[in-house]
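Enquirer: When the sequence shown is numbered by numbering that gives the first Met the number 0, its final residue is 193 and no position is left out of the sequence of numbers.
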Amino acid sequence: MSAKSAAAKVPGALSGLKRRGGGILVVGGTDGQRRLCGRLLGSSERERVVVEATDCSLTADCPHEAAVVQGRPAQPTACRAGAVLQSSSLADRVTEAIDVHGQGLAPAELRVCLGPVAPDTLQSRSVFLDAVLEELARTNALGHVHVSEPYESDLVRRLEPRFDAIVEVQDEPRHRQRWHFPDHGVTTDWIDLG
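If you want it as structure tokens, here you go:
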């Protein structure tokens with residue numbers, strides 16, 4: 000496929016996400032992920048659900064008028080996203096929040112942020128992630144999951160087929176993003192995050 004024909008598929012892939020919702024995996028630089036998170040959550044007029052897995056949430060700088068689902072364990076010594084995000088009770092709380100806040104909304108009007116997710120949580124099949132992705136699909140919400148691993152990592156390669164898009168973020172030499180659409184075989188050029 001030529002670069003020109005691949006680029007022609009990007010608008011359709013993006014508009015498809017805006018029309019029907021879906022799951023986006025955000026990988027790479029942490030500072031760039033913070034910048035991108037606010038954009039993916041959208042304006043404050045949208046319904047939003049934010050799942051904060053640890054005290055160092057990527058969404059801390061977002062002025063979110065959002066339903067926040069806390070994923071922190073009762074004991075601070077166990078405060079690792081890997082320990083928290085496997086919890087079926089957390090999966091139940093998150094999917095219930097998506098269901099409640101998504102009622103009566105048009106596709107992709109509900110925005111969901113999950114992260115950061117510890118890589119060791121996702122090494123094996125994640126019941127939590129499966130439940131959230133299934134609920135996003137059922138409600139036509141648009142959700143994004145933050146992982147600090149680089150795009151070329153084994154973890155991202157294993158997760159890629161489960162998502163509609165992967166956004167690769169770089170902090171250096173400047174904040175920028177590159178979108179990958181596995182189902183369309185398309186990767187964008189690098190775009191400044193500003």
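For glycine and all other residues, C-beta sits at the position ideal for the given N, C-alpha and C.
Being a predicted model, the structure only gives us computed values, none of them experimental.
When the Cα atoms are used, what is the spatial distance from R173 to I190?
Expert: In the sequence shown, residue 173 corresponds to position 174, counting from 1. In the sequence shown, residue 190 corresponds to position 191, counting from 1. Between R173 and I190, the C-alpha separation is close to 10 Å.
Enquirer: Could you round the C-beta distance between G21 and D163 to whole angstroms and report it? I think they count as a contact, below 8 Å.
Expert: Along the sequence shown, one-based indexing puts residue 21 at 22. Along the sequence shown, one-based indexing puts residue 163 at 164. With a Cβ gap of about 4 Å, G21 and D163 count as contacting.
Enquirer: Find the nearest neighbour of E148 within the set K17, L35, G28 and A12, judged by alpha-carbon distance.
Expert: Locating residue 148 in the sequence shown gives position 149, counting from the first residue. Comparing Cα-Cα distances from E148 to each of K17, L35, G28 and A12, the minimum goes to G28.
Enquirer: Can you find the residues in the same chain that come closer than 7 Å, C-beta to C-beta, to G11, ignoring five residues on each side of it along the sequence?
Expert: Locating residue 11 in the sequence shown gives position 12, where the first residue counts as 1. Cβ within range, chain order: n/a, list empty.
Enquirer: Assign E46 to one of two classes, buried (16 or more other C-beta atoms within 10 Å of its C-beta) or exposed (fewer than that).
Expert: Position 47 of the sequence shown, counting from 1, holds the residue named residue 46. E46 should be labelled buried.
Enquirer: For E95, which of L104, P115, T138 and V126 has the nearest alpha-carbon?
Expert: Walking along the sequence shown from the start, residue 95 turns up at place 96. Cα-wise, what sits closest to E95 is T138.
Enquirer: Below 8 Å on the Cβ atoms is my contact criterion, and I expect V185 with L24 to pass it. Report the Cβ-Cβ distance as a whole number of Å.
Expert: Along the sequence shown, one-based indexing puts residue 185 at 186. Along the sequence shown, one-based indexing puts residue 24 at 25. The pair is not a contact, with the Cβ atoms about 15 Å apart (cut-off 8 Å).
Enquirer: Taking 8 Å as the limit between beta carbons, can you name the residues of its chain near E159, skipping five residues before and five after?
Expert: Position 160 of the sequence shown, counted from the start, is the residue given in the question as residue 159. These residues qualify, in order along the chain: L24, I165, H179 and P181.
Enquirer: Give the DSSP bridge partners of W178, in chain order.
Expert: Here residue 178 is taken as the residue at index 179 of the sequence shown, counted from 1. Answer by DSSP bridge pairing, in chain order: V166.
Enquirer: Under the assumption that C112 contacts L40 (Cβ atoms under 8 Å), give the Cβ distance between them as a whole number of angstroms.
Expert: Here the question's residue 112 lines up with position 113 in the sequence shown. Here the question's residue 40 lines up with position 41 in the sequence shown. Between L40 and C112 the Cβ distance is about 6 Å, and since that is below 8 Å, they are a contact.
Enquirer: How many angstroms separate the CA atom of R161 from the CA atom of F127?
Expert: Taking the sequence shown and counting its residues from 1, one reaches residue 161 at position 162. Taking the sequence shown and counting its residues from 1, one reaches residue 127 at position 128. So the alpha carbons of these two residues sit roughly 13 Å apart.
Enquirer: Rounded to a whole number of angstroms, what is the C-alpha to C-alpha distance between P196 and V144?
Expert: In this structure the chain extends from 0 to 193, so residue 196 is not present and cannot be described.
Enquirer: Pull up the DSSP beta-bridge partners for D191, would you.
Expert: Within the sequence shown, the letter at position 192 stands for residue 191. D191 pairs with R175.
Enquirer: List the whole-angstrom C-beta distance separating E134 from D91, where the pair is believed to meet the contact cut-off of C-beta under 8 Å.
Expert: For the purposes of this step, residue 134 is identified with residue 135 of the sequence shown, where counting begins at 1. For the purposes of this step, residue 91 is identified with residue 92 of the sequence shown, where counting begins at 1. Actually they do not touch by this definition, with Cβ atoms about 10 Å apart.
Enquirer: If I measure Cβ to Cβ from K17 and keep anything under 6 Å in the same chain, skipping five residues before and after, which residues do I get?
Expert: Residue mapping note: residue 17 aligns to position 18 of the sequence shown, counting from 1. Hits under 6 Å: A107.
Enquirer: Using three-state DSSP, classify V155 as helix, strand or coil.
Expert: The residue given as residue 155 occupies position 156 in the sequence shown. Three-state result, V155: helix.
Enquirer: Return helix, strand or coil for R47, following the three-state DSSP convention.
Expert: Looking up residue 47 in the sequence shown gives position 48. Three-state result, R47: strand.
Enquirer: Could you tell me the boundaries of the alpha helix (DSSP H) in which G31 lies?
Expert: Here residue 31 is taken as the residue at index 32 of the sequence shown, counted from 1. Residues T29 to L40.
Enquirer: Would you identify the three-state DSSP class for L16, choosing helix, strand or coil?
Expert: Residue numbering aside, residue 16 sits at position 17 when the sequence shown is read from its first letter. L16 falls in the helix class under three-state DSSP.
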